[in-house]
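Residue numbers (full-length UniProt numbering): 1 to 134.
Structure (structure tokens):
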């Protein structure tokens with residue numbers, strides 16, 4: 001009987017610690033679908049849940065905000081996360097960041113390439129890893 005109580009206590013502690021460490025990973029959609037602008041490619045299916053798990057709930061690795069004069073502000077816990085095209089649109093002063101496509105290519109591919117260089121398992125770095133041909 002005592003062994004069961006100890007075992008249940010240890011399991012509860014493990015689950016409690018695990019739950020605290022991954023609690024923020026449950027925010028937002030599990031999958032985000034990004035329509036491909038060219039008809040030759042299919043919609044990009046972005047596994048948001050996977051990135052949350054790999055980044056251990058550190059939303060600031062991808063998400064950020066901006067000031068009134070378009071300077072990037074790092075994400076802080078509790079900050080409202082808006083859709084990318086709230087800022088990445090024709091009003092953006094930097095022509096390279098006027099589209100979600102360009103912003104994601106810079107941020108996502110940059111991160112994937114850096115992880116690959118470090119020898120870590122990562123997502124695609126080439127076009128057809130995300131953009132499947134129809």
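Where is the CB? At the ideal position from N, CA and C, for every residue including glycine.
Whole-angstrom distance between residue j and residue i, CA atom to CA atom
i, j, result
"residue 43", "residue 76", "30 Å"
"residue 117", "residue 111", "10 Å"
"residue 86", "residue 128", "27 Å"
"residue 33", "residue 41", "13 Å"
"residue 126", "residue 132", "11 Å"
"residue 62", "residue 95", "20 Å"
"residue 57", "residue 115", "17 Å"
"residue 82", "residue 97", "16 Å"
"residue 124", "residue 69", "33 Å"
"residue 113", "residue 119", "10 Å"
"residue 219", "residue 121", "No statement about residue 219 is possible, as the shown extent of the chain runs from 1 to 134 and does not include it."
"residue 48", "residue 31", "5 Å"
"residue 53", "residue 59", "10 Å"
"residue 105", "residue 67", "22 Å"
Simplified DSSP assignment, three categories, for residue i
i, result
"residue 91", "coil"
"residue 98", "coil"
"residue 56", "coil"
Rounded distance between the beta-carbons of residue j and residue i, thought under 8 Å
i, j, result
"residue 101", "residue 37", "7 Å"
"residue 130", "residue 103", "Actually they do not touch by this definition, with Cβ atoms about 14 Å apart."
Identity of the residues DSSP links to residue i by a beta bridge
i, result
"residue 128", "DSSP lists no partner for residue 128."
"residue 34", "44"
"residue 133", "41"
"residue 74", "64"
Own chain, CB closer than 7 Å to residue i, minus 5 neighbours either side, in chain order
i, result
"residue 89", "98"
"residue 55", "61"
"residue 45", "31, 33"
Contacts around residue i, its chain only, beta-carbon distance under 8 Å, and the 5 residues preceding and following it disregarded
i, result
"residue 11", "Only weak support exists for where residue 11 lies, its pLDDT of 43 falling under 50; the coordinates are left without a value."
Neighbourhood of residue i by C-beta, 6 Å cutoff - its chain only, sequence neighbours within 5 removed
i, result
"residue 93", "70"
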